[in-house]
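I have placed the structure first, in the form of structure tokens, so that the comments after it can refer back to it.
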Amino acid sequence: MKVNLFLFDDFDTMDAFVPAEVFGKLPEYFHVEYCSVKGDFVTSLQGVKVWTDYLDEQTAGDILVIPGGKGARRLIRDDENLCRLLKKAADQHSFCVMLGSGTLLMAQTGILYRRRICDCPLDKNWNRMFTAAIYRTSGARWVADGKYYSASNPLAGMDMCLSILADLTDLKIAETMAEELGYQWDPDEEDGIYR
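When we follow my numbering, the leftmost residue of the sequence shown carries the number 16, and every step to the right adds one.
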């Protein structure tokens, strides 16, 4: 399965690399690629530089990952063409996985209208501005609504990605992955999750 991680300047490193770590450690099941609007080097908020391929309207795959970070706020304000491009990309993927403020970025595309998402760790004004007619699930660490998955932070993203891994492959594979990562994961913990 093809996993496309959409990156932008000032993305949060852990938001992007938690899913990359989970899916990238299983090359027999997943192929991870990094993409951006310009298809060039992208620098995370923490200074990590990543070479990316060009994201265009033909980009398709199985899982689209949208991290958060300060750069997401800038993109929300500045780029209408990006919203159109991300909406098209999400339509062409089987799953759309969003972490932190990446959820707000995808909310701008209109695809989350009347869907459930987890609350983003941003101030209330930002949540109100960008999640009108979207159901924020207070207290949930991560939320799945159809093919749209959202996590409030990278650790919640780890739980979410392991659950996706279990659904797409096998529960035992996901449990083994959690052990290899040294992460205590309880697949039966469903507190606050909507499906």
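All residues carry an ideal CB built from backbone N, CA and C; glycine is no exception.
For a test of the three-state rule: what should DSSP assign to residue i, helix, strand or coil?
i    : result
E95  : helix
E48  : strand
T152 : strand
T58  : strand
V18  : strand
R131 : strand
Using only alpha-carbon positions, find the residue among the options that is nearest to residue i.
i    : options                : result
G161 : R130, C135, D185, M173 : R130
K53  : G197, D203, D71, Y198  : D71
When the Cα atoms are used, what is the spatial distance from residue i to residue j?
i    : j    : result
D106 : W200 : 30 Å
V37  : A148 : 32 Å
L100 : I188 : 33 Å
L90  : L120 : 7 Å
T28  : T58  : 9 Å
Within a Cβ cutoff of 6 Å, which residues of the same chain sit near residue i, ignoring the five residues on either side of it in sequence?
i    : result
F110 : I78, K162
S165 : M113, T118, I132, C133, V158
So residue i and residue j are in contact, right, with Cβ under 8 Å, and what is the actual spacing, rounded?
i    : j    : result
T152 : C133 : 6 Å
T67  : A104 : With 8 Å as the limit, T67 and A104 do not qualify as a contact, their Cβ atoms being about 13 Å apart.
Residues in the same chain with beta-carbon distance under 7 Å from residue i, minus the five sequence neighbours each way, listed in chain order, please.
i    : result
G207 : The predicted position of G207 is uncertain, since its pLDDT is 46 and thus under 50; a value taken from the coordinates is nonetheless stated next. Counting only Cβ-Cβ distances below 7 Å, and skipping sequence neighbours, we find T152, G154, A155, R156.
CB-CB under 8 Å to residue i, same chain, minus the five flanking residues each way: which ones, in chain order?
i    : result
D174 : R156, W157, A166, W200, E204
L97  : V52, L90
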